[in-house]
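Read through the structure below, which is laid out as structure tokens, and then see the notes.
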Ligand code: ADP
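Numbering (my numbering), first residue to last: -1 to 500.
Next comes the structure, spelled out in structure tokens:
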């Protein structure tokens, strides 16, 4: 039994725990791989999106400024520079915060007067940059303090070329350029723009709790500036994976729990089956032995009588009594086994009829008078005088009572006392058989009514029995709508109570 359950546990470990562990590991590894690849994909997509956004911003800014320059260029129109016309142009182009125009020799044409700030910001184009622009054209951006200054040379169709330098209004840049281009970016990604001093110039939503996904530098239009993409917390592949992982863990937990429950149930079933097989084999051995004992007594006494060895009448009568008693015991045993097999096969029937309890009790006790007397038992019988008749199968109830008395005798040790009582209770009748025998351990009291169950198994108590007696008693009780209960204390005795409804 121990070996079998040990083998079962080892088998369960291999057959259940191992595959479960493999599934768990594979599931975890594939989830991690999925997380890595989807994060990679997500980052690549984000980079492409950020690059596109940066290009779009540059493009819009260029277009804005190109338009301003072409209007300025056409305003230059050959004649002397009109500062008021430039003022008006600046007014209608709020993006341009400061503007300065110089001629080829570096003389300032616009503004007429300028303060120290203007000078510091717009006058700072290095001479070599200026020279390169006069020679080759194009446009250069460079940082002066907080500002980005753009310098280019305008060559109007009529009139002399001029060098133009300007800085941008950050608020207008934010409102007209950045918001127009980045604000439309797909949610839930948040785009933010940082200037060359890493200060956040723009973001559609707060990025305080968000996680940086990627940052891409702007090209020439905004040197040192960058556009960054964020993902708000709780969104994105990492969180999706985390949710998936939780789901997977929960599902796996349920699976494991089901496997464990299944394994335990199977183990219990196997244990019960093995136990039952053991009990059955005990049963066969016990019944055979039980049948053999009275048979050999009958045979021995019969043979002695036959050989004429018994001389006195008194002794002869005694021999006959023994033979009769042992035959009765034999038929009781055989009846028990036959009835048990009928119960097992669902063929046991009961013939109910209203009958008094008292004669039944005395009849049963009488059948045990000889062994009780012979083994020195003190017998007490009490039957309430006004007992109602009970609807019952008298033979079956007698058999049940006989089993209880037989057990009381069988499981008594030094204190030999049997008390049988029949009382009125709850509209029915109780028949109680009490002894002062070896008693039954508390945790086994419920099990003794199971078929084949014997306390401490077969012979450990030194008493033979088939283990079906109490199962029969319980069947009889239930068939009558009654119940059987036991109250027992190991070493002090047992008290079995059969209650039958009136
Ligand atoms: P058995 O043929 O073994 O007596 P039963 O079904 O009659 O089978 O009883 C089941 C078990 O219950 C017994 O083996 C014994 O261990 C226990 N038992 C029954 N009656 C008594 C009793 N009066 N005192 C102590 N133990 C008892």
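Even glycine gets a Cβ: it sits at the ideal position worked out from N, Cα and C.
On a predicted model such as this, the values are computed, not experimentally measured, just so you know.
**Asked** In terms of residues, what are the limits of the beta strand (DSSP E) holding residue 322?
**Response** Looking at the DSSP string, residue 322 is not in any beta strand (DSSP E); the run it does join, the alpha helix (DSSP H), is 311 to 342.
* Using the Cα positions of residue 467 and residue 25, report the straight-line distance between them to the nearest angstrom. => 56 Å
Practice task
Go through the segment 124 to 203 residue by residue and report every complete run of the beta strand (DSSP E) that reaches 3 residues or more, in order.
Solution key: 137 to 142, 145 to 152, 160 to 166, 188 to 192, 198 to 201
- Query: Would the beta-carbon of residue 438 be found less than 7 Å away from any heavy atom of ligand 1?
  - Reply: yes
Next item on the list: Please list, in chain order, all residues of the same chain as residue 224 whose beta carbon is under 7 Å from its beta carbon, the five residues on each side excluded.
Entry: 192, 213, 214, 215, 216
**Prompt:** Taking the DSSP output, what are the residues bridged to residue 490?
**Reply:** Answer by DSSP bridge pairing: none, since residue 490 is not bridged.
- Message: So for residue 54, helix, strand or coil by DSSP?
- Response: helix
In three-state terms, what does DSSP make of residue 389? strand
- prompt: If you drop the 5 nearest sequence neighbours on each side, which residues of the same chain put their C-beta closer than 6 Å to that of residue 408?
  reply: 461
Item checked: Endpoints, alpha helix (DSSP H) assigned at residue 434 -> Unbroken run through residue 434: none, as it is neither H nor E.
At the level of alpha carbons, what is the spacing between residue 379 and residue 371? 14 Å
Among the residues of its own chain, which have a CB less than 7 Å from the CB of residue 87, if the five just before and after it don't count? 69, 70, 73
- Query: Going by the C-beta, is residue 392 closer than 7 Å to any heavy atom of ligand 2?
  - Reply: Only ligand 1 can be found as ligands here, which leaves ligand 2 out of the picture.
Handout entry: Coil, strand or helix - residue 456 by DSSP
Key = Model confidence at residue 456 stands at a pLDDT of 41, short of 50, so the residue's coordinates are unreliable; what they give is reported in the following sentence. In this structure, residue 456 counts as helix in the three-state DSSP scheme.
Worksheet item: Is residue 463 helix, strand or coil by DSSP?
Response: coil
**Study point:** Burial state of residue 164 (16 or more Cβ within 10 Å)
**Key:** buried
Quiz prompt | Whole-number beta carbon distance between residue 44 and residue 504, since they are thought to touch under 8 Å | solution = Residue coverage of the chain in this structure runs from -1 to 500, which leaves residue 504 outside it and unanswerable.
Check: Exposed or buried, what is residue 229 when buried is set at 16 or more other beta-carbons lying within 10 Å of its beta-carbon?
Finding: buried
Between which two residues does the alpha helix (DSSP H) harbouring residue 422 extend? It is not in any alpha helix (DSSP H) - residue 422 instead sits in the beta strand (DSSP E) that spans 415 to 423.
(Q) According to DSSP, residue 229 sits in a beta bridge with which residue or residues? (A) 209
Residues bridged to residue 272 [DSSP beta-bridge criterion]
The partner list for residue 272 (beta bridge, DSSP) is empty, contrary to what the question assumes.
Notebook entry, point to check: With which residues is residue 378 paired in a DSSP beta bridge?
Noted result: 417
Item checked: residue 581 versus residue 207: straight-line alpha-carbon distance, rounded -> Nothing about residue 581 can be reported from this structure: the residues present for the chain run from -1 to 500 only.
(message) Measuring CB atoms only, is the segment 487 to 495 touching the segment 427 to 443, in the sense that at least three cross pairs come out at less than 8 Å?
(response) yes
Relative to the C-alpha of residue 377, which candidate in 364, 384, 385 has its C-alpha closest? 364
query: So residue 518 is in the alpha helix (DSSP H); what residue range does that whole segment cover?
result: An answer regarding residue 518 cannot be provided, because it is not within the stretch -1 to 500 covered by the chain.
- Task: Would you grab the beta carbon distance between residue 142 and residue 99 for me? Rounded to a whole angstrom, and I think it's under 8 Å.
- Result: That belief does not hold up - the Cβ atoms of residue 142 and residue 99 are roughly 17 Å apart, past 8 Å.
Determine the DSSP secondary structure at residue 496, reduced to helix, strand or coil.
strand
Checklist entry - So, are the CB atoms of residue 171 and residue 160 less than 8 Å apart? => result no
Discussion item. Please tell me whether residue 189 and residue 51 are closer than 8 Å, where the distance is taken between their beta carbons.
Written reply: yes
DSSP three-state assignment for residue 100, whether helix, strand or coil: strand
request  = Give the C-beta separation of residue 120 and residue 96 to the nearest angstrom, bearing in mind that I take them to be a contact with Cβ-Cβ under 8 Å.
outcome  = 6 Å
Review point. Over what stretch of residues does the beta strand (DSSP E) that includes residue 106 continue unbroken?
Key: 106 to 108
Evaluate the contact criterion for the segment 386 to 399 versus the segment 346 to 357: three or more CB pairs, one atom per stretch, below 8 Å. yes
Integer Cβ distance of residue 453 from residue 401, believed to fall under 8 Å: Not really, about 15 Å apart at Cβ, beyond 8 Å.
Would you mind reading off the limits of the beta strand (DSSP E) that contains residue 352? 351 to 353
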